[in-house]
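Presented below is the structure to which this report refers.
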Amino acid sequence: MIEVEVKARSFPGIEEKILDLGGELIGVENHLDLYFNSPFCDFARTDEALRIRVKEEGARLTYKGPKLDSETKSRRELTVRVDDPKALESILESVGFSRAAVVKKRRTKYGLKEAVLCVDEVEGLGSFVEVELSGDEDWEAQKRTALDILKTLGLVEPIRKSYLELLNDAGEIE
Ligand code: ATP
Ligand code: CA
7 MIEVEVKARS FPGIEEKILD LGGELIGVEN HLDLYFNSPF CDFARTDEAL
57 RIRVKEEGAR LTYKGPKLDS ETKSRRELTV RVDDPKALES ILESVGFSRA
107 AVVKKRRTKY GLKEAVLCVD EVEGLGSFVE VELSGDEDWE AQKRTALDIL
157 KTLGLVEPIR KSYLELLNDA GEIE
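All residue numbers for the sequence shown refer to our numbering, where the first residue is 7 and numbers rise by one.
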């Protein structure tokens, strides 16, 4: 599954703008994201990610492959549900994976045409918006749709950095 994704810094009033464009509120989620590093390679260098996400409706384990282009954050993503995130964390640590960082955020999700817009309040970083499209259709076309939606919102400077990299830049991660 390819996850097409673009991100930009948000601005006050973005949620009204999304609603004006015909967006519909999907819901609000609180995320506690635990990122792991591999004993075999440095995920920061290989541009991969292994994450346990704990949210109200349950936990998930996600693997993200390297970014597929130089404009967006699109990548292959695989996700499974997790019954017991604490046990999974112990399993990963027992086989040599180590916790690289923790990211906390509040995500408000909107549906707009075939896209999902996420307005994220990230602890220690501020507010961002992500436009996501998923599927295995023509991902180049989906990429243009995602960038167009960002432009319609008046956001012309997409960011390719992850929240982890941004937190690092901000000196929030030792
Ligand atoms: P999602 O879109 O799945 O909800 P998110 O928006 O919360 O995730 P992103 O910033 O899009 O968060 O993705 C997490 C990023 O963290 C990935 O891009 C990944 O490359 C990066 N990352 C993961 N592990 C490491 C690591 N050990 N060192 C540096 N960066 C990492
Ligand atoms: Ca994202």
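Cβ atoms here follow ideal geometry from the backbone N, Cα and C, with glycine treated the same way.
{"Item": "Residue 111 versus residue 144 - alpha carbon distance", "Value": "31 Å"}
{"Item": "Residue 23 CB to nearest heavy atom of ligand 2 below 7 Å", "Value": "no"}
{"Item": "Any residue whose CB is nearer than 5 Å to a heavy atom belonging to ligand 1, listed in chain order", "Value": "41, 43, 49, 50, 55, 106, 168, 169, 170"}
{"Item": "Terminal residues of the alpha helix (DSSP H) in which residue 93 lies", "Value": "91-100"}
{"Item": "Near ligand 2: residue 136 beta-carbon under 7 Å from a heavy atom", "Value": "yes"}
{"Item": "Sub-8 Å separation of residue 108 and residue 161 beta-carbons", "Value": "no"}
{"Item": "Check: residue 178 C-beta below 7 Å from any heavy atom of ligand 2", "Value": "no"}
{"Item": "Bridge partner(s) assigned by DSSP for residue 134", "Value": "15, 126"}
{"Item": "Stretch pair the region 18-34 + the region 118-132: three plus CB contacts closer than 8 Å", "Value": "yes"}
{"Item": "Nearest residue (CA-CA) to residue 88, options 72, 147, 59, 114", "Value": "59"}
{"Item": "Segment contact flag, the region 66-82 with the region 50-58, C-beta cutoff 8 Å, min 3 pairs", "Value": "yes"}
{"Item": "Cβ-Cβ distance between residue 11 and residue 78 below 8 Å", "Value": "yes"}
{"Item": "Residue 78, DSSP secondary structure in three states", "Value": "coil"}
{"Item": "Candidates 8, 52, 117: closest to residue 34 by CA position", "Value": "117"}
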